[in-house]
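Inspection log for the structure reproduced underneath, given as structure tokens.
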Amino acid sequence: MGEQRVSKVNDPVQMQKFVRGLLCDVQALEYMLANDWFDKSAVRIGAEQEMVMVDKTTLRPACVAVEALEQMENWDFVETELALFNLETNLTPRELKGSCFRDLQNENQESLSKIQGVLDKFDAKILLTGVLPTLRKRDMTLDNLTPKKRYRALMESIDEQLIGSNYELRLTGIDELSLKHDSPFLEACNTSFQVHLQVAPDKIVQMYNIAQALAGPVIAVSANSPLVFGRRLWHESRIALFQQALDTRSSSEHMRERSPRVSFGNEWLKNSILEIYKEDIARFRVLLAGDVEEDALAMVRAGKVPKLRSLQVHNSTVYRWNRPCYGISSNGKPHLRIENRVIPSGPTVVDEVANAAFWIGCMEGLANKFEDITEQISFEDVRDNFIKASRFGIDTKFTWCQDEKITAVDLIYNKLLPIAREGLELHNVDAADIDLYMGIIEGRVRSHMNGARWTLRAYTKLKKESSEDEALTVLTSAMLANQSKSIPVHEWSLPNLSDLKEYKPNHLRVGDFMTTDLFTVQQDDILDLVSEMMDWRKIRYTPVEDTKGRLIGLVSIRMILRSLIQSIDPGSRPRTVKEIMITEVVTISPNTTIVEAMDKMQERRIGCLPVVQDDELIGIITESDFLRITKRLLQRLEGS
9 MGEQRVSKVN
19 DPVQMQKFVR
29 GLLCDVQALE
39 YMLANDWFDK
49 SAVRIGAEQE
59 MVMVDKTTLR
69 PACVAVEALE
79 QMENWDFVET
89 ELALFNLETN
99 LTPRELKGSC
109 FRDLQNENQE
119 SLSKIQGVLD
129 KFDAKILLTG
139 VLPTLRKRDM
149 TLDNLTPKKR
159 YRALMESIDE
169 QLIGSNYELR
179 LTGIDELSLK
189 HDSPFLEACN
199 TSFQVHLQVA
209 PDKIVQMYNI
219 AQALAGPVIA
229 VSANSPLVFG
239 RRLWHESRIA
249 LFQQALDTRS
259 SSEHMRERSP
269 RVSFGNEWLK
279 NSILEIYKED
289 IARFRVLLAG
299 DVEEDALAMV
309 RAGKVPKLRS
319 LQVHNSTVYR
329 WNRPCYGISS
339 NGKPHLRIEN
349 RVIPSGPTVV
359 DEVANAAFWI
369 GCMEGLANKF
379 EDITEQISFE
389 DVRDNFIKAS
399 RFGIDTKFTW
409 CQDEKITAVD
419 LIYNKLLPIA
429 REGLELHNVD
439 AADIDLYMGI
449 IEGRVRSHMN
459 GARWTLRAYT
469 KLKKESSEDE
479 ALTVLTSAML
489 ANQSKSIPVH
499 EWSLPNLSDL
509 KEYKPNHLRV
519 GDFMTTDLFT
529 VQQDDILDLV
539 SEMMDWRKIR
549 YTPVEDTKGR
559 LIGLVSIRMI
569 LRSLIQSIDP
579 GSRPRTVKEI
589 MITEVVTISP
599 NTTIVEAMDK
609 MQERRIGCLP
619 VVQDDELIGI
629 ITESDFLRIT
639 KRLLQRLEGS
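Residue numbering for the sequence shown follows our numbering, starting at 9 and increasing by one per position.
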């Protein structure tokens, strides 16, 4: 949870004051590290649970965070997130030993149950997922931004850093997604389970580098975010989505290197955690300023522990996937933590805790095995593993220690699971809990099934049997059902359309069911080509567009047949699209409801509606689309 008492930097004087405080904090941190002020009493773990709220009926985002939190005003463990359809909880830090993971799971489940009790009043449910399947681009407007000063300031400050005219999202997996967006709010698509590990200062370099090396394998086994806006993309699409959502850079003719604010990093940590803080201050301009009163240097000179608020505010606006964190322990001593941000939310609480236990066990086990992981594997291979795992998940092939080429399944099962067990045993974690959580990880790799693979298989199956919207709704319903039973994801069955008893598409917009894979023609194309093309593709209507993708006309198979009959003489001049096309085309917006679209087609007595946004042709709907929806509804009625 970020520091809320912040504001946008509005003038040079405010900026200069904050930067001076930032530099002061770095010097204070350097002093505390040099003089051994840090807590070494125990190794502690913690976590933050992000969640999405969905409407009980439509299973679409439920933007009820503000109203729900009014019912939880005395609960200090729950907080807002960027979007009105998200919440976040802070779980209690606990020592790495005994029943710590079981206690973490129980606390998380109890917190979620308590929140769900409030959400019942708003007809909403909690879903743990990396990216909500039923989320649509139209949900990602600033109307759904949580009305807090920090969030608005963050959006505006990032916007001011934008070099180009838009934010661009480009991902390719089974499907392809390429779109522009007018704000960095796309960040709010992502929900994660952020795990914290407290580390002694003398081990922070060793442990941080191990965290970097483990990022790829941990993503591979925990991936749970393969769908964005109905497209099957990376197994852990959160990784690319988060970076691109906040990427203010633009392509240019020159090869100047500019680092994104969301990054894996550029090299190994060498001597001190200060290297990361100093690099982030040097690379990235201040976005937010805190109302800082403390003088950190004066405090350390007086023997007092500062909060380093300026440093923490800036650190919260630079998004490393393994992020160093500073805090103050309950004993009053400062401490350092590594925050693992690669693990997605869900699919269940027990899956999340298994992911946390696996990562922490591997961290401790590898630290016991290797004094310096950088001697075993290059940073370039580690970063390459991170990207490959984000794309391919449990199907990844890694480059591991000593340049070994190994599949994710073999690496996790044969090498990392034994190391994770040893790491947990070193801290006397209960044997039964080690067996439970490592057994879940083992079950995934044995069955070659994690959240991402299940989601991809389920969605592909459902989409062949129904519309995109119905498939996404049934999929989300199945996730909720399995989550409520606490069934680990590798044991989930694939859903059937009949599993969702009530599907109500009255909330549908044109953009949810229009055809986007378009076959279009231009006005100078000859009708012989167009008629053949329409016959090959079995389509009755073809939009006519100019070279910029703007709609300028429409032709139907009936128009073409009539024209070809009139010019049946084989020696006659070929007729062109321009001669017969309709130029006054009735169009529709993607945000129009399905009922409004049907009314318009009936009123105008037309068989299709091209879908246009900002003068650009983006899709088409026809009578066939409505027949398909009607057929599915009738089938559902017959089955009820």
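We put the CB at the ideal spot given by N, CA and C, even for glycine.
Is it the case that the stretch 422-431 contacts the stretch 364-372, given that we only count it when at least three CB pairs across the two stretches are under 8 Å? yes
Give me, in chain order, the residues of the same chain whose beta-carbon lies closer than 7 Å to that of L170; leave out the 5 immediate sequence neighbours on both sides. T256
Determine contact between the stretch 315-326 and the stretch 42-53, defined as no fewer than three beta-carbon pairs at a distance below 8 Å. no
Inside the stretch 530-586 only - alpha helix (DSSP H) runs reaching at least 4 residues: Complete alpha helix (DSSP H) runs here, min 4: 535-545, 565-574.
Ordered along the chain, which non-local residues of its own chain (more than five positions away) have a Cβ less than 8 Å from that of M9? Low per-residue confidence applies at M9: pLDDT is 45, beneath 50, and the placement is therefore not dependable enough to give any value.
DSSP three-state call for R269: helix, strand or coil? coil
Between the stretch 265-285 and the stretch 224-235, do at least 3 Cβ pairs fall closer than 8 Å? no
Using the Cβ count rule (16 or more neighbours within 10 Å means buried), how would you classify I602? buried
Since F201 and Y327 should fall inside the 8 Å C-beta cutoff, what is the C-beta to C-beta distance between them, to a whole number of angstroms? Not confirmed; about 16 Å, so no contact.
Strand pairing of P225, partner residues [DSSP]: By DSSP's assignment, P225 forms no beta bridge with any residue.
Return the CA-CA distance between L162 and L140, expressed in angstroms with no decimal places. 23 Å
Are the Cβ atoms of G298 and F26 separated by less than 9 Å? yes
Which ranges would you report for the alpha helix (DSSP H) in the stretch 345-407 if only whole runs of at least 4 residues count? 357-377, 387-400
Please classify L480 as buried or exposed, where buried requires at least 16 other C-beta atoms within 10 Å of its C-beta. With at least 16 other beta carbons inside 10 angstroms of its own, L480 counts as buried.
Take the Cβ of N339 as the centre, count every other Cβ of all protein chains shown within 10 Å, and call the residue buried at 16 or more, exposed below. exposed
Sequence-distant residues of the same chain with beta carbon closer than 6 Å to N363, five excluded per side: S230, I351
With 16 other CB atoms within 10 Å as the buried threshold, where does K133 fall? buried
Ends of the alpha helix (DSSP H) at D288? 282-291
Along the alpha helix (DSSP H) that carries T463, what are the first and last residues, could you check? 459-473 is the span of the alpha helix (DSSP H), which, as asked, contains T463.
Taking the continuous alpha helix (DSSP H) assigned at F250, which residues delimit it? 246-253
Looking at the structure shown, is M9 part of a helix, part of a strand, or coil, going by DSSP? The predicted position of M9 is uncertain, since its pLDDT is 45 and thus under 50; a value taken from the coordinates is nonetheless stated next. Three-state DSSP puts M9 in coil, outside helix and strand.
Identity of the residues DSSP links to D413 by a beta bridge: Reading off the sequence, residue 413 comes out as Lys, not Asp. Answer is T407, bridged to K413.
Taking a contact to mean a Cβ-Cβ separation below 9 Å, would you say L444 touches R110 in this structure? The answer is yes: Cβ separation under 9 Å.
DSSP state of H322 mapped onto helix, strand, coil: helix
Using DSSP's beta-bridge definition, name the partner residues of Y175. H189
Is K278 helix, strand or coil by DSSP? coil
In its own chain, which residues sit with a C-beta less than 8 Å from the C-beta of T528, not counting the 5 before and 5 after it? T550, P551, V552, E553, L625
Take F272 and list the residues in its own chain whose beta-carbon comes closer than 6 Å to its own, dropping the five residues that flank it on each side. For F272, where only same-chain residues beyond five positions count, the Cβ hits under 6 Å are W329, R391, F394.
Would you mind stating whether G557 and Q531 have Cβ atoms separated by less than 9 Å? no
Only counting the same chain, and skipping five residues up and downstream in sequence, which positions put a Cβ closer than 6 Å to that of K145? A distance below 6 Å between beta-carbons, with the five flanking residues on each side excluded, links K145 to the following residues of its chain, in chain order: F237.
Quick one, which of C616, I590, I588 has its alpha-carbon nearest I649's? As shown, the chain starts at 9 and ends at 648. That puts residue 649 outside it, with no answer to give.
Considering only C-alpha positions, which residue in the set N18, D147, V538, L205 is nearest to A50? Of N18, D147, V538, L205, the smallest CA-CA separation from A50 is found for L205.
Taking Cβ to Cβ, would you say T407 is nearer than 9 Å to I385? yes
Buried or exposed, going by whether 16 or more other CB atoms sit within 10 Å of the CB of H456? exposed
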